[in-house]
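Working notes, beginning with the structure itself.
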Amino acid sequence: MQIFSEPILSALARLTGQPLAQLKLERPRDPKLGDLAFPCFLVAKERKQAPPAVAAELAAALAGQLDGISASAAGPYLNFRIDRPLLAREICAEVAIAGERFGASDEGAGKTVLIDFSSPNIAKPMHIGHIRSTILGAALVRIFRHLGYKVVGINHIGDWGAQFGGLVVALRRWKGEVDLEGDPVMGLLDLYQRSKAALKDDAQFQAEAVAAYQELESGREGEVRELWRWVTEVSMRGFLATYARLGVSHELVRGESWYEPLLAPTLERVKAAGVTEISQGALVVQLGELDKSLKETPCLLQQTNGTTLYATRDLAALFSRFEEFGFERCLYVVGGEQKLHFRQLKGVLKRMRQPWEPRVEHIDFGLLLGPGRKKIASRKRGEVLVLDDLLDEVTEAAEKVIEAKNPALAKRAQVARDVALGALIYNDLKRERIKDVIFDEHEILSFEGDTGPYLQFTHARLASILRKAHANEDAALRSKPDWSALENAGEILVTIGRFGDVVRSAAARAEPSELSGYLLGLARDVSTWVSSSDNRVLGTAGPEGAARVALVRCAKSALGNGLRLIGIPTPEEM
RNA sequence: GCGCCCGUAGCUCAGCUGGAUAGAGCAGCGGAUUUCUAAUCCGCUGGUCGGGGGUUCGAGUCCCCCCGGGCGUGCCA
């Protein structure tokens, strides 16, 4: 699309005398008006003329100046229309040449982006509460990578903390009562829940738990350390199995425990910067002068009893990460409930005058709730909705739909998994990440309308057309396309041309919903076009058919690339 | 109490960071299948953009006040 917008912008810059960077083109409200639009308000203001007069004047001045692009004034707007055959030829060629790399760029060359996402706690299976960070983070990883960044997805496993004391004691007492052989993760969950209850009303248990945690912290080898290691191992195996089902992976898995040796040096560092003080017995960094709204909430780094806190660990991790990677951006894909925590962290960095503080960003997202804004419960296990159970359930529903709609389909099990994943991922990425997600099971399982499977279905239809064209050895495949046959696909082509811009913007804002929304619009336009009997591809001979095949190929490629970027599988048949 | 976020059709959400007549999905109603997947497509119904001020040539979008909901709020993570 740049191939069209660049000459327009430079011509406008020349005619208006405005710097190129200040001019921007937008999309007309109604696509019938044109493919690109230039609002003339600002230029009009500068020239003290009426906007429509400026538009008319510019239109006249541009007449015949731009190859294959015509300009027309419509009120205060200057609209540009790209010659249809030229548009079709250029876009189809661009997509065909770029292939998997369509929409890619090298803007990230030599830059590293860290993305901290998913980060479950050990001794429990991944549950519904982890789905948003995991899906958002994995999508961001792919999007940034597409733009040439070196991306390091980090899994900051919660493998430390006082709760392990309780778990260790639970293991000692009830090891034999749960199934730790067949399904160790679920067995651990059981123990974890029992230890939580025991910590509440069993003083003996409580004391033993504290002692166990102290031993763990001391670093001594022995029973406690061994149990902790075993729990970590078993849990990680469970996480990796779940990640494999989700198509997710991390470049760096590093638990909180890894940062333990860095805690003391980090405290020293903050103290040396002269920003700490003792308040009510605790070591804190006051942030009120930086930001009035943080006046009442200093960042606590060390408790009265000397132990460190969450913020201390995250601060240690941040310094360590900056030193190790020299990141361009460090994104924390963590729920909005922790907003204060990250503002405090950044506040401490600011007070320490770390120039890279703005590169640290909290990529926050809204709550995940059930219908009626109630907490999501599991039908199977009551309290926690385990991610694997959810995947099973949605996959089962997908299998039933395949049974009904396409019983002859080969690879049914695989496609069911793909569709289930598409449904879950799209449900999470379709709205702005800051919005709370109402997890409506009915909607997830319907696979109709504004859903992942709809996008996958559109992609599969295009794949099917191409497959049949090749199987028939369609004559159109050997013809040279007549690009003027794609007159009615202009909107689709313009949309495809915007793909790269959308990917860039989604990365800049760390907002995958921008891409998912774009893909929905593209799929809708493509579905409409494909569904019209005027646009039959197969059986349309010669150059006209060749052009349609090219459009289908181009649309399938763009749609497929976009879906894969957000993590949605793209089966060829479904 | 204080801080931050959200409020657009009955429900779930878009609205391109201030521009042209506010758009989708679900739900409801009515259509489309001898031909490329009906997990689809087409049409209809449905709006005081929470309310009130302000800035601007122009406000769903920016500022202020209010209302409603959510999250958070020094020794948890």
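Residue numbering for the first sequence follows the numbering used here, beginning at 23 and increasing consecutively.
Glycine included, C-beta positions come from ideal geometry on N, C-alpha and C.
The model shown is predicted, which means the values in this text are computed figures rather than measured ones.
(request) Below 7 Å CB to CB, which residues in the same chain sit around Gln305 once its five sequence neighbours on both sides are set aside? (result) In the first sequence, counting from the first residue as 1, residue 305 sits at position 283. Going by the sequence as given, residue 305 is Leu instead of Gln. Thr298, Leu323, Gln324.
(message) Applying the 10 Å Cβ sphere with the 16-neighbour rule, what's the burial state of His149?
(response) Numbered from its first residue, the first sequence carries residue 149 at position 127. His149 should be labelled buried.
(message) Whether or not the stretch 473 to 489 and the stretch 513 to 525 are in contact is what I'm after, with contact meaning three or more pairs of Cβ atoms, one per stretch, closer than 8 Å; do they touch?
(response) no
(request) Within 10 angstroms of the Cβ of Ala231, are there 16 or more other Cβ atoms? Answer buried if so, exposed if not. (result) Here residue 231 refers to the residue found at position 209 of the first sequence. Its Cβ being crowded by 16 or more others within 10 Å, Ala231 is buried.
(message) Does Ile165 pass the burial test, meaning 16 or more other C-beta atoms within 10 Å, or should it be called exposed?
(response) Translated into positions along the first sequence, residue 165 becomes position 143. Classification for Ile165: buried.
(request) Can you tell me which of the three DSSP states Thr156 falls into? (result) Position 134 of the first sequence, counted from the first residue, corresponds to residue 156. In this structure, Thr156 counts as helix in the three-state DSSP scheme.
(message) If the criterion is Cβ atoms closer than 8 Å, does the pair Leu249 and Leu213 meet it?
(response) Translated into positions along the first sequence, residue 249 becomes position 227. Translated into positions along the first sequence, residue 213 becomes position 191. No.
(message) Which complete alpha helix (DSSP H) runs does the stretch 127 to 192 hold, if anything under 4 residues is left out?
(response) 153 to 168
(request) Using three-state DSSP, classify Thr550 as helix, strand or coil. (result) For the purposes of this step, residue 550 is taken as the residue at position 528 of the first sequence. Three-state result, Thr550: helix.
(message) Less than 7 Å between C-beta atoms, sequence neighbours within five positions excluded: which residues of the same chain meet that for Phe349?
(response) If you number the first sequence from 1, residue 349 lands on position 327. If we look at Phe349 and ignore the five residues flanking it on each side, its Cβ neighbours are Thr134, Val135, Leu136, Arg343, Arg381.
(request) Tell me whether the beta-carbon of Arg570 lies closer than 8 Å to the beta-carbon of Asn583. (result) Position 548 of the first sequence, counting from 1, holds the residue named residue 570. Position 561 of the first sequence, counting from 1, holds the residue named residue 583. Contact flag unset, no.
(request) Check whether the Cβ atoms of Gly14 and Arg103 lie closer than 8 Å to each other. (result) There is no way to answer for residue 14, as the model of the chain reaches only from 23 to 596.
(request) Might you give, ordered along the chain, the residues of its own chain that have their beta carbon closer than 8 Å to the beta carbon of Asp458, omitting 5 neighbours on each side? (result) By one-based count along the first sequence, residue 458 stands at place 436. Contacts found: Gly388, Leu389, Leu390, Leu391, Arg395.
(message) Rounded to whole angstroms, what is the Cα-Cα separation between Val256 and Glu290?
(response) Walking along the first sequence from the start, residue 256 turns up at place 234. Walking along the first sequence from the start, residue 290 turns up at place 268. Their backbone Cα atoms lie some 35 Å apart in a straight line.
(request) Drop a sphere of 10 angstroms on the beta-carbon of Ala43, count the other beta-carbons inside from all chains shown, and report buried for 16 or more, exposed for fewer. (result) Working through the first sequence from its first residue, we reach residue 43 at position 21. Exposed.
(request) In the DSSP assignment, find the alpha helix (DSSP H) that holds Ser27 and state where it starts and stops. (result) Your numbering for residue 27 matches position 5 in the first sequence. Taken as a continuous stretch (DSSP letters only), the alpha helix (DSSP H) holding Ser27 covers 24 to 38.
(request) Would you kindly work out how many angstroms separate the C-alpha atoms of Pro593 and Arg546, rounded to a whole number? (result) As a first step, residue 593 must be located in the first sequence, where it is residue number 571. As a first step, residue 546 must be located in the first sequence, where it is residue number 524. Approximately 18 Å, taken between the alpha carbons.
(message) If you follow the beta strand (DSSP E) that Arg586 is in, where does it begin and where does it stop?
(response) Against the first sequence, residue 586 aligns to sequence position 564. It is not in any beta strand (DSSP E) - Arg586 instead sits in the alpha helix (DSSP H) that spans 564 to 588.
(request) Output yes or no for whether 8 Å exceeds the beta carbon distance between Leu274 and Ala529. (result) As a position in the first sequence, residue 274 is number 252, starting the count at 1. As a position in the first sequence, residue 529 is number 507, starting the count at 1. Contact flag unset, no.
(message) If I follow the unbroken alpha helix (DSSP H) through Tyr332, where does it start and stop?
(response) Within the first sequence, residue 332 is the residue found at index 310, counting from 1. Taken as a continuous stretch (DSSP letters only), the alpha helix (DSSP H) holding Tyr332 covers 332 to 347.
(request) Out of Glu595, Met23, Asp201, point me to the one whose CA is closest to Leu3's CA. (result) Lying before the first or after the last residue shown, residue 3 is absent from the chain, which here runs from 23 to 596.
(message) Please report the straight-line C-alpha distance between Ile385 and Arg49, rounded to a whole angstrom.
(response) Reading the first sequence from its first residue, position 363 is the one you call residue 385. Reading the first sequence from its first residue, position 27 is the one you call residue 49. Those two C-alpha atoms are separated by around 28 Å.
(request) Classify Val423 as helix, strand or coil using the three-state DSSP reduction. (result) Within the first sequence, residue 423 is the residue found at index 401, counting from 1. Three-state DSSP puts Val423 in a helix.
(message) Going by DSSP, what residue range makes up the beta strand (DSSP E) through Cys321?
(response) Here residue 321 is taken as the residue at index 299 of the first sequence, counted from 1. 321 to 324 is the extent of the beta strand (DSSP E) around Cys321.
(request) With a cut-off of 8 Å on the beta carbons, I'd call Gly358 and Leu312 a contact; round off their distance for me. (result) Counted from its first residue, the first sequence places residue 358 at position 336. Counted from its first residue, the first sequence places residue 312 at position 290. Incorrect: roughly 21 Å between the Cβ atoms, too far for contact.
(message) My assumption, with CB atoms under 8 Å, is that Leu58 sits in contact with Ser92. Please give the rounded CB distance.
(response) Position 36 of the first sequence, counted from the first residue, corresponds to residue 58. Position 70 of the first sequence, counted from the first residue, corresponds to residue 92. No, Leu58 and Ser92 are not in contact; Cβ-Cβ is about 11 Å, not under 8 Å.
(message) Going by DSSP in three states, Ser271 sits in which element: helix, strand or coil?
(response) The count along the first sequence starts at 1 and reaches residue 271 at position 249. Of the three classes helix, strand and coil, the one that applies to Ser271 here is coil, per DSSP.
(request) Could you spell out the range, first to last residue, of the alpha helix (DSSP H) harbouring Ile300? (result) Taking the first sequence and counting its residues from 1, one reaches residue 300 at position 278. Segment 298 to 301 is the beta strand (DSSP E) holding Ile300; no alpha helix (DSSP H) there.
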